Each structure stands twice: as C-alpha cells, then as structure tokens.
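Counting in our numbering, the sequence shown runs from 9 upward without gaps. Just so you know, even glycine gets a beta-carbon here, dropped at the ideal spot from N, CA and C. Quick caveat: nothing in here was measured; it's all calculated off a predicted structure. Each remark here refers to the structure printed beneath this line.
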Amino acid sequence: MFKLSRLENSTQEIVFFVTLVSSLSLLIGGGFYLFLNDSTLTTFTGTIGKLFFAKLFDTIGFAAFLLGLGTLFIGKFLLPRSHNSKDILKLSPQLTILIIVQSLVVLMCASLLTVFEQYNQWQITQKLNYGAGGFLGWLLGGSLFKLFGLYGSIVFILTFSITVSIATGYMELLTTWYWLCEKSKTISLNLFSLTIHASLTIKEFVSNFISQTIRWYKVKTGVIPSIELEAEIINVHLESQTLPIEDQNNKIQTPIEKVKTRKARKRKPKKTIDLCSLENDNIVSSPEIHETNNNKSFHIEINKWTKRYIKPDNALLDKASQPKTSNKNEISKISNFLEDQLAAFQIKGKIVAIHEGVRLTMFEFQPEPGTKLSKISSLSSDLALVLGAESIRVLTPIPGKTTVGIEVPNKNPQCLSLGNLINCVINEKNKHPLPIALGKDVYNNTVTSDISEMPHLLVAGTTGSGKSVFVNNLITSLLYTRTPKELRFIMVDPKMIELSPYNGIPHLLKPVITDVTEAKEALKWAEAEMDKRYQQFADLGARNIASFNEKIKKSSKDSAQRAAKKEFDWPWQEMPYIVVIVDEMADLILTQGKDVEIPITRIAQKARAAGIHLILATQRPSAEIVTGLIKTNFPTRIAFKVSSAIDSRTILDSAGAEKLLGKGDMLFMPNGKTLERIQAAFLSEEEVKKIVKTISQ
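Have a look at this one:
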C-alpha cells in the first residue's frame, strides 16, 4: 500500500512504522482471538491482549477488523502531509474529524452485521456474546431492524454512512461512481481477455491431443508405418534447427565456381551516371525529407477529468509569526527628521499620515502651496543618504491625494508567507475564475488579483529579486482554488530549474517543457486551441468560456444541435482554463524570434474570452526581449528589482523599479490603473514539494 521510497524523513518513517504495526496487530490479533483456544491465545497475546480483544469484539463484533484497515487509512492520510512534528499538530483538527468519521462507519458496519444476523437467525461463533455486531451493533442494529425491517435498515445505514462521508469531504459521489465504472470496466475487460486466452489454450491442447491420438492409433493399426513416423519426426526436428535461408535457389559452390563468379562480377558493366537525373533526384528528394522531419505533430489532448482531486491543506503552508509591535517613538523621530531635512532643502511642509507596511513605511508629506513636485522627487538619493537607507522612493503625488509619498525601508522588516494570505485567495474563488495572491501593499492590506481580468501578465526582475518565488505563489494559489477539471497548465522552463518540481501534478497538459523548439510548438498549439474554442463558441452561441460552460451544464448536446441545426464534431464537455507559464522568455525570443513572437501576440490579443492566459517572466527586460508588440498586448505587468532605470522604463514605461529592495518587493501595474507597490509573499521549496506530493497522489 505504501512505498518505502516515498519516505523522506524520520517523522514519516515513525508514522509508517506505527500505523503498520498497529494495523497488523489488530488484524492478526483479531484472528488469533477468534480461532485459538484460551490457553494458546494467552501464550500469543498475554493476559492484557486477551482481555483487550475480548472487550473489543464484545463491543463492535467483527467490525473490529475495520479498525485495522482504518489505521492504515490514517497512515495514508498522514504520510504525505507529515514532514515534521509540527505538521502533525497542524493536522490534528482534520485527524480528529477523520477518526470520528471512521468510528461512525465502524458503528454502521457493526449495525449492518447485526441486522443480517437477526434476519437469518444464525450465529457465527459462540465467542461473541452480543453477536456479529457486538454490543453497539446489537443496540443500534437491533433497534433499526425492529423499526424498519431488513430493507429499511440497510437503506438507513448506507445513506447515513455516505452522507457523513460526503459532508466531511472524504467522499465524492460522482467521483466514486466514475471510479466504480472504471474498475468494473477494467475487471470485465481483463476477465474477457483471460477467458479468450484460456479458450484458445484449451482448444490448442485438445486439437493437439486429438491429432496425436489419431496418429498413434494409425501407427498401431499399421495404416502408417512406424519408420515413416520416425522420419517425419526427424524432419520436423531438422527444420526447427536449420537457420533461415535468404535465397533457396543458391547452391553450394566449389572454390573454382566461386572464382568464376567473382570474375563475372568484376566484368559487370558499370552504370552510367546522368548528371541531370542525379541533380533532379538530389534536389527533389532532399526537401521532402526535411519537411517530413520538421512537421512532426505536436499534439496535446485535453481529456475530461473524472477522478477525485485532493486539494492541498492550508497546514502545508508555513505561516509567519505575528508581526512585532512597531516602535512609535522611532517612527515619530524619523518623521520629524524628514521634515527637518526637507526644510533644509528649502521644501517646507509637514507629515500628515504614516503607513507602516511589511518592509517599508510610507510617510505622507503635505508640501506648502507653490512647491514644485519635481524638486521633491529629485531628492530621493539625498534623503536615502541622510537616513542611511538602501533606497528611498518618492511618489509625487499619491494617486487621488494632494500629498507626496516618501517610502522608507524598515530597519526590522517583517516576514510575509503565503500561508498568511491563502485564506483570502480561497475566499475569492467563488467570485473570480483564477484568483491569485500578490502580497501586501504599503497600507498593510492584502492584495489579490484575477488572471482572467489581467488577462495576461508580464513579469521582470533580476536574479534574487523574488520573481521565481512569485511565479510559485501564482501557481500555488491556483492549485488551492481550481481542480484539473477547471484549470490546466502548460509550463515552459528552459532553465530546467524553477518549474521542474511541478512535474506530476494533474493540472499539467504535458510535462514541463525545457526545449525551446518544443516550447514554440506548444505556443502554436495554444494558438490553434484558441481558434478551435472560438469555433465551438460560435456553434453554441456563447460569448466566452464562462457562458460556454454554463450552456454545457444546463443543456444537452441533442437539444443544442437541434437549435443550431447542425451536428457538433467536438466533445460535449466543459472547457478548462489554460494558463501558459514561460519562466524565461529571453531564450525563446533570442533563439526562435518571430516564430515565437507571432503566436504570443495572437494569444495575447484574442485568447481572453477563450480562457487561455499567458504568464511571461524574464530576467532581461531589454527592448529586444520585451518588444513593443509584446508590451502593447500585455497591459498588466509586474516589475521586481531591475538593474537600471532603462529596464524599469522598458517594463513599466516609468522609472522606479531600480530602487526596489529585492526579495519580493515589486511594482504592480494593473490593466488601466496606476502603479502599486506590493511586498510579495515567500514560499519555500519544501512547501512546494509537500503541495506537489499531496495533489499528485
């Protein structure tokens, strides 16, 4: 049931060992209690073990064996989620619910055994004082049998068990139905093939037996001489031992004949070469071979998802400790110091508001009338020098206000984890199709967004700026909110480092692509999928993917075909959203050029309604990578720390990204809105591995 290779640490080894030993002890000990006499049982289990199993079987009867299986199920639940003792403590509420559900199922099973026992009026063994269901089964099952009879008791017990399992999330009715259908189909096919194979084997055996019997009878009666039979057997044996002969007409040649043959071969006239025919043959055949090699089909099939998807638990994400209370006296000193320094630069005014964020504090400065804003913005380097800060960003003015924002880094920055934000993302899943967590702004408010409204995202940042961690946050947010039935990924990672941990998740349409040529084909496939989806929208009269899926749910294929007066050649199923993530687009642009830029542009222009969205990330936001055509079609952009103001203008059309602090500090430019400074959350590699392992089961 478990694979030892999946155990990664001592905590998992302890969980595996304890659950396995407990389960085997319950199963084997229960068998000993039922089939051994008292003296032998005492030898194997001792007095305490004998008393324990006696009380256990008197309480729940044969349902005690389900406790052993339930212990294995608890181990299966804990193994992929327990990487240390803290994880087990975090899972204690869910573990408690699981134990309660299993206890109710055991109770229902004991009651069902009692119902059958009372209906048939039999007793399996004399060791069980209260029958097959024990005391609890006799108490509940006996009452149900008196009130509802056999049929009513079975219906009540099964309905109650299934309802409890569905309500607690440990069973999905539709998933169970698909699973039963799939298993029944597999068993039927295996049984059918096994029957055919056995029939053919028996037929061959019987025919050989009959033929050999007839031949033996003919030899015995003298119809076939025994010498002839022996000759046939020898011939058959020789035929099986001889090597295959390529040319049956070849005869054994003597050495003289071989020499004559060689001389005849030497005197064979040479074939004349026609240059025209040679030229035509070479020129015509070569492109055909080249075209055949280059036109290999890149096919991705979106199969309907019918399995159960286990969404990751919030306990898999680490939560940062509560932020320490800020030192108001220190912030007040910085505020007064800023006012004095600005006054020293001939800029008078006062600080009217202070907003403390995760990594920086914004001071709202109200300048006196007549002060030029350009003069304030030019003092960012001077203020950073006098405050001893890494960098200071001056926002002139704050959008919608008459004040200037001066953003000063905190001396003791707080830690922000995705575990602190994931509940906000989960709460948004019913409002937005593709919600993601961005982080917290300078006002310490949680910021979320929706990819379907972006509808495409361009991300840039140098090494260590937090770009790759943000991409992991984006993917994780979607994994927590959307099932493989609702969302699929295409991931391109030429660096073969950042996105490779996601291999194996059920959302992937294809394993993470690392080859740039294959990445080009994947983008072309997405472009073709976009056109195909628009054709399906036209057939059904839908405007976008949301209305298409709604019509698929509410109507049938036959009624839709009658209304459209045509037959649909596409499968009648809901469309999943498709998110294409390219971790480093510079490799694609530099190696493939227009072959990649054209499908990217077409998808960015048209694919929003089709539910296909692009996430492009790069370390080099230069003009040759982020071309004007790409920028025009990516109105939503995110810039982490970049190396120069030129790169900042390339990605954001304005400077400022070069003054960011790194490690998740970013500028977010929403579609049609002003820039917003946000601190992205941190997500470790260990958290990613735990999430991937959970959902890959």
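Item, Value
"Among Gly357, Val114, Leu86, which one has its Cα closest to the Cα of glutamate 372?", "Gly357"
"Is tyrosine 585 helix, strand or coil when you go by DSSP?", "strand"
"Are there 16 or more other CB atoms within 10 angstroms of the CB of aspartate 673, so buried, or fewer, so exposed?", "buried"
"Across the segment 435-442 and the segment 483-496, are there enough close Cβ pairs to call them in contact, namely three or more that are closer than 8 Å?", "yes"
"Can you tell me which of Glu398, Asn428, Gln374 puts its alpha carbon nearest to the alpha carbon of threonine 410?", "Gln374"
"Determine contact between the segment 536-551 and the segment 621-639, defined as no fewer than three beta-carbon pairs at a distance below 8 Å.", "no"
"Could you tell me the alpha carbon to alpha carbon distance between lysine 671 and threonine 471, rounded to whole angstroms?", "10 Å"
"For alanine 688 and glycine 447, which I take to be in contact (beta-carbon distance under 8 Å), what is that distance rounded to the nearest angstrom?", "4 Å"
"Quick one: what's isoleucine 686 bridged to in DSSP?", "Asp449, Met674"
"Using DSSP bridges, identify the partner residues of glutamate 558.", "Answer is none; glutamate 558 lacks a bridge partner."
"List the endpoints of the continuous beta strand (DSSP E) containing glutamine 374.", "368-375"
"Which same chain residues end up closer than 6 Å to phenylalanine 52 when comparing Cβ atoms and leaving out the 5 residues on each side of it in sequence?", "Phe40"
"Whole angstroms is fine: what's the gap from lysine 701's alpha carbon to lysine 193's?", "28 Å"
"Are there 16 or more other CB atoms within 10 angstroms of the CB of proline 320, so buried, or fewer, so exposed?", "buried"
"Can you grab the Cα-Cα spacing for the pair glutamine 20 / threonine 27, in whole Å?", "11 Å"
"Could you tell me if phenylalanine 25 is buried or exposed, where buried requires 16 or more neighbouring beta carbons within 10 angstroms of its beta carbon?", "exposed"
"Return the first residue and the last residue of the beta strand (DSSP E) that phenylalanine 497 is part of.", "495-500"
"With a threshold of 7 Å (Cβ to nearest heavy atom), would serine 425 be considered close to the ligand ATP?", "In the structure on display, the ligand ATP does not appear, and there are no ligands present to speak of."
"By how many angstroms is the C-alpha of lysine 475 removed from the C-alpha of aspartate 398?", "A quick correction: the sequence has glutamate, not aspartate, at residue 398. So the alpha carbons of these two residues sit roughly 20 Å apart."
"Measure the alpha-carbon distance for isoleucine 611 versus serine 161 and round it to whole angstroms.", "58 Å"
"Whole-angstrom Cβ separation of glycine 76 and leucine 35, contact assumed at under 8 Å?", "4 Å"
"Give the secondary structure of threonine 379 by DSSP, where H, G and I count as helix, E and B as strand, and everything else as coil.", "coil"
"Measure the Cβ-Cβ separation of isoleucine 646 and valine 467 and say whether it is below 8 Å.", "yes"
"Taking contact to mean at least 3 C-beta pairs separated by less than 8 Å, is the segment 411-428 in contact with the segment 637-653?", "no"
"Verify whether the separation of the beta carbon atoms of isoleucine 318 and glutamine 705 is less than 8 Å.", "yes"
"Assign valine 163 to one of three DSSP states: helix, strand, or coil.", "helix"
"Using the Cβ count rule (16 or more neighbours within 10 Å means buried), how would you classify aspartate 501?", "buried"
"Which of helix, strand or coil does DSSP assign to threonine 262?", "Because the pLDDT at threonine 262 is just 47, under 50, the model does not fix this residue reliably, and the value given afterwards should be weighed accordingly. Coil."
"Closest by CA to alanine 71, which one among Leu199, Tyr138, Thr658?", "Tyr138"
"Identify every run of the beta strand (DSSP E) within the segment 622-657, keeping only runs that are complete inside it and at least 3 residues long; order them along the chain.", "644-647"
"Any chance the segment 601-621 sits against the segment 579-591, with 3 or more Cβ pairs inside 8 Å?", "yes"
"Which residues in the same chain as glutamate 415 place their Cβ atom closer than 6 Å to its Cβ, once the five residues preceding and following it in sequence are excluded?", "Leu368, Met370, Arg401"
"Determine whether the beta carbon atoms of leucine 495 and histidine 464 lie at a separation below 8 Å.", "no"
"Which residues in the same chain as lysine 528 place their Cβ atom closer than 6 Å to its Cβ, once the five residues preceding and following it in sequence are excluded?", "Gln600, Asp603, Val604"
"Tell me the rounded alpha-carbon separation between glycine 378 and glycine 408.", "19 Å"
"Would threonine 456 and proline 443 be called neighbours here (beta carbons separated by less than 8 Å)?", "yes"
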